[in-house]
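Here is the structure we will look at, set down as structure tokens.
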Amino acid sequence: MTLTAEAEAVDQRLDQFLAARLEVSRARVQEAIRDQRIRLNGAPARASFKLRGGERISILGLAERPALRAMAEDIPLDIVYEDNDLAIINKPAGMMVHAGAGATDDARNRGTLVNALLHHFKSLSGVGGETRPGIVHRLDKETSGLIVVAKNDTAHQKLAAQFARREVSKKYIALVHGWIKKDSGTISASISRDRIRRTRMTTRHSGGRAAVSHYSVLRRLETPFGKFTLVEVKIDTGRTHQIRVHLSSLGHPVVGDALYGAPHQIRTGPGKLRSAGAISLARNFLHAAELELAHPCSGAKIAMKSALPEELRKFLATVEGSGR
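Quick note: the sequence shown uses the working numbering, first residue 14, plus one each step.
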């Protein structure tokens, strides 16, 4: 494989550039560089080389990794609904749904929802493969709330078809920075991966995947920490980081979501001086609050709700001045 460093990559380290482009860890890129399996303009490469733009980068291969297989772990689960075909879980923030790309038998393959599911349930669908048993859809690691999992292949295929036909209703609650002007609206903007920061998604490039989010303002807050909007969001599609990207594209990032423009700390006081009081949220203020679907076998409607978790309720009270 040969890549060309575009102008936007100028001043990036070679290992950072390749890790983002290849969607692997920097450690894995550095290993390939040490083994001289990556060459820069035909010569052996250095991981710390700062790109100037236009370089030809040849990747002769990355070290093979053993096949990843999810493992059962005794992790508590908040199961809000269960029958022979499916279960609905109230996922906490901080828990990955399944191991990420490039994970091996290490910390990145531990503590996931899949690992917990394998411990609690005797069987799960195999449609998603050995790393994603039962997983029909996903929530971001720092997003809490309702997620449905399939216990058998038939249920999985029928649930997946419902999601594909946009027949599953999913509603989220988010707190964003600033006041959203309109009481309600629809964001219809395609989403693609950011070409420079590969951990981010963006609405700024053409050719992305169609994505539609509908929002309704619940409350506008004027607080000692600034202005915020509590908003309900219903999504028709389920793209990676969809709600976070769409709300940020309006200029209103989700509180706690530093990846999409939210501050790490929220300050108060005259001019919001560094010496003034500050609060922070160790997760995103985004919660999957409602899930409604048809049972994959009986067709009966299943409608579940999940209240805001305690850490979000406390944060909201602190922002409004009643929790200090």
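Note that CB positions come from ideal geometry on N, CA and C, so glycine has one too.
Helix, strand or coil at G115 [DSSP, three-state]
Because G115 carries a pLDDT of 48, less than 50, the predicted location of this residue cannot be relied on, and the following value inherits that uncertainty. If DSSP states are grouped into helix, strand and coil, G115 belongs with coil.
Here's the rule: buried if 16 or more other CB atoms are within 10 angstroms of the residue's CB, otherwise exposed. What is V332?
buried
Grab me the residues of K240's own chain with a C-beta within less than 6 Å of its C-beta, minus the 5 sequence neighbours each way, in chain order.
Cβ within range, chain order: G191, W192.
Supposed contact pair A58 and I51 - C-beta distance, whole angstroms, cut 8 Å:
5 Å
What is the C-beta distance between L90 and H133, in whole angstroms, given that I count them as a contact (C-beta under 8 Å)?
In this structure, L90 and H133 form a Cβ contact; the two beta carbons are roughly 5 Å apart against a cut-off of 8 Å.
Between which two residues does the alpha helix (DSSP H) harbouring T167 extend?
166–177
Tell me, to the nearest whole angstrom, how far the beta carbon of G66 is from that of N103; I am working on the premise that it is less than 8 Å.
Contact flag wrong, Cβ pair sits at about 48 Å.
Which complete beta strand (DSSP E) runs does the segment 91–115 hold, if anything under 3 residues is left out?
92–95, 99–104
Confirm, please, whether the CB-CB distance from I200 to H259 is below 8 Å.
Going by C-beta atoms, H259 is nearer than 8 Å to I200.
Residue(s) in a DSSP beta bridge with K184:
K247, E303
With DSSP as the reference, label H265 as helix, strand or coil.
coil
To the nearest angstrom, how far is the alpha carbon of S71 from that of G55?
8 Å
Nearest by alpha-carbon distance to D166: which of G334, C310, A330 is it?
C310
Could you please give the first and the last residue of the uninterrupted beta strand (DSSP E) stretch that includes E235?
First-last of the beta strand (DSSP E) with E235: 225–236.
Output yes or no for whether 8 Å exceeds the beta carbon distance between V161 and I101.
Yes, the Cβ-Cβ distance between V161 and I101 is below 8 Å.
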